[in-house]
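Asker:
There are 2 protein chains.
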Amino acid sequence: MTATAEEPRAQQEPQEPQGNPRKRRAILDAAGTVFLRDGFTRAGIDAIAAEAKVSKQTVYNHFGDKERLFMAMTDDVQDRTVAHVMELMDRDFPDPSKLAGPEDLRAALLQLAGEWIRVVYTGPLVALRKLVDAESEHHPYLQQRWFTNGPSRTMPRLNRLLSALARAGLLDVPAEVLDVPDLLAYQLTAMAGSAVRRIEPGADFEAEFQRRVAQGVDFFLRAYAPR
Amino acid sequence: MTATAEEPRAQQEPQEPQGNPRKRRAILDAAGTVFLRDGFTRAGIDAIAAEAKVSKQTVYNHFGDKERLFMAMTDDVQDRTVAHVMELMDRDFPDPSKLAGPEDLRAALLQLAGEWIRVVYTGPLVALRKLVDAESEHHPYLQQRWFTNGPSRTMPRLNRLLSALARAGLLDVPAEVLDVPDLLAYQLTAMAGSAVRRIEPGADFEAEFQRRVAQGVDFFLRAYAPR
DNA sequence: AATCTCTTGGACTGTTGAGTCTAAAAATAT
DNA sequence: ATATTTTTAGACTCAACAGTCCAAGAGATT
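Going line by line, the protein sequences match chains A and B.
Going by numbering that gives the first Met the number 0, the first sequence opens with residue 0, and the numbers climb by one from there.
Going by numbering that gives the first Met the number 0, the second sequence opens with residue 0, and the numbers climb by one from there.
(1) Residues of the segment 179-207 of chain A in Cβ contact with chain B at a cutoff of 9 Å, in chain order, please.
(2) Quick check: is the beta carbon of Leu-217 (chain B) nearer than 9 Å to any beta carbon in chain A?
(3) With 16 other CB atoms within 10 Å as the buried threshold, where does Asp-103 (chain B) fall?
(4) Which residue from A:Asp-89, A:Leu-183, A:Leu-27 puts its Cα closest to that of Lys-52 (chain A)?
(5) Who are the Cβ neighbours of Asp-74 (chain A) in its own chain at under 7 Å, not counting the five residues just before and after it?
(6) Report the neighbours of Asn-113 (chain A) on chain B: residues whose CB is nearer than 9 Å to its CB, in chain order.
(7) Do you know how far the Cα of Leu-220 (chain A) is from the Cα of Ala-184 (chain A)?
(8) Looking at Thr-188 (chain B): is its Cβ nearer than 9 Å to the Cβ of Ala-99 (chain B)?
(9) With 9 Å as the threshold, decide whether the Cβ of Val-118 (chain B) is near any Cβ in chain A.
(10) Buried or exposed: Gln-56 (chain A), going by 16 or more other Cβ atoms within 10 Å of its Cβ?
(11) Give the secondary structure of Ala-9 (chain B) by DSSP, where H, G and I count as helix, E and B as strand, and everything else as coil.
(12) I'd like the list of long-range same chain contacts for Val-176 (chain B), defined as Cβ closer than 7 Å, with 5 residues on each side in sequence excluded.
(13) Would you say Lys-65 (chain A) faces chain B, with C-beta separation under 9 Å as the test?
(14) For Asp-203 (chain B), name the three-state secondary structure that DSSP assigns.
(15) Looking only at C-alpha atoms, which of B:Asn-158, B:Thr-153, B:Ser-96, B:Ala-48 sits nearest to Arg-24 (chain B)?
(16) Any beta-carbon of chain B closer than 9 Å to the one on Pro-225 (chain A)?
(17) Which chain B residues sit within Cβ distance under 9 Å of Lys-129 (chain A)?
(18) Cα separation between Gly-201 (chain B) and His-137 (chain A)?
(19) To the nearest angstrom, report how far apart Glu-50 (chain B) and Ala-42 (chain B) are at their CA atoms.
(20) Is there a C-beta anywhere in chain A that falls below 9 Å from the one on Pro-123 (chain B)?
(21) On a Cα-Cα basis, can you pick out the residue from A:Asp-64, A:Ser-162, A:Thr-80 that is closest to Leu-108 (chain A)?
(22) Below 8 Å, can you find three or more Cβ-Cβ pairs linking the segment 118-127 of chain A to the segment 194-212 of chain A?
(23) Assuming contact is defined by CB atoms lying nearer than 9 Å, are Leu-170 (chain A) and Pro-93 (chain A) in contact in what I supplied?
(24) Out of B:Ala-194, B:Leu-127, B:Asp-132, B:Gly-192, point me to the one whose CA is closest to Gly-31 (chain B)'s CA.
(25) Taking C-beta pairs closer than 9 Å, name the residues in chain A that Arg-41 (chain B) reaches, listed in chain order.
Here it is in structure tokens:
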């Protein structure tokens, strides 16, 4: 295909899912591996092509340039993560009517917050978040995109769940808090999350993880458990 | 580096051939400007030399290579920030005996947390933190160094202050919390801090800042205000 | 079989940037 | 004044890397 000066590329062309979807998948996976390993600037298209066992030109056929490849990879990882988190919540949604006492409530929050934080604040998603954060100085829309595709889809869900506990009388949350979108969900996860990120390498991660999540949940309960 | 030359540094470095301290200062400032503007990989030594109005070779005479220059700049910014925060706390330390009622306490915490978060979670320090975070995948000791030179110097101070309020009966903090180093200080600052970082560009920053700090402080007080 | 699209590998361009080298000039010390 | 250290400008090496071009081939579709 000779797209020389004769054929002016159509400007705002939305998106063409051209090419073999299996190659596309392989490239996205490889991009995840290499970008997360090397960072945006250091990562080379050649390395990604090699990792995907695909020729360099194929990468360009599918994704146009490095920046769009990065965005496609980010969207992909976030979509999978959001799906994972939603599934978690479907499975472990604590039914307010089934929680007998305060200990049940604490156990349910520990379970839910623990799973949430494990997915969102450990593993590859944290590294990807760092990358987006670092690049956001140069591509400001990345930050926006991250929130739109990620937290803004999952946080309302968690918030609705916690609000239900409040409505059921299991949590005593003031109206000012309930009125702020997603605030309650952030209050449950933010502190434990940032604490988990501070776990020192070399420490017993699993034990430290449990301890810090519990500290976060207990702080949350101390504020909102009815007494 | 600043006044504290022989302080506990994470790793020992062969003393570089000292040159003119004013050049050194100029290079550090320029490195701050350029690294924070362009990121580690994108930043060029030539650009830094130009910004410092110094020849490239002089940069190498003083700092050896890019990585060590980056570390020296990071240490420098952190040292200044720590000094700033310490000064803030000397000035606005709320004397427990002078706090008449709950409203006084809330006002004092708002002031203290607000100033703290303004210094630590806005401005150049946040950008620098992002850089360190991004580079920490490739230079793991950077993360360690950041905590050693920064938070591990300031957080105990804030924590001592809050513990004093607890001892004076103005806060009702359980022993499990008081026993964990710096936990109380993180509980006051972490949530408001991460909320401030999520302020959308285009919003009225100052108003949003005050609102979110207040939400954090009220969360904290709801957990620990005696009732 | 003929056609159309996608893929391949490799060569090629142009740029950028880290780090070195050098010889001369400036500053500093003795 | 002389010796030592530091600075300077610029040329230079070497490597990496984004993105392009091309000609041959693999795969499907008709």
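We put the beta carbon where it would ideally sit given N, CA and C, even for glycine.
Answerer: According to the structure data:
(1) Val-179, Leu-182, Tyr-185, Gln-186, Ala-189, Met-190, Gly-192, Ser-193, Ala-194, Arg-197, Glu-199, Pro-200
(2) Per the sequence presented here, residue 217 (chain B) reads as Asp, with Leu not at that position. With 9 Å as the cut-off, Asp-217 (chain B) counts as an interface residue toward chain A.
(3) exposed
(4) A:Leu-27
(5) Asn-148
(6) This sequence places Gly at residue 113 (chain A); Asn is not what is there. Those within 9 Å of Gly-113 (chain A) in chain B number zero; the least Cβ separation is about 18 Å.
(7) 13 Å
(8) no
(9) no
(10) exposed
(11) Legend: pLDDT at Ala-9 (chain B) = 46, less than 50; position of this residue unreliable, no value from coordinates given.
(12) Leu-182, Leu-183
(13) no
(14) coil
(15) B:Ala-48
(16) no
(17) Lys-129, Asp-132, Ala-133, Ser-135, Glu-136
(18) 17 Å
(19) 12 Å
(20) no
(21) A:Ser-162
(22) yes
(23) no
(24) B:Leu-127
(25) Thr-40, His-137
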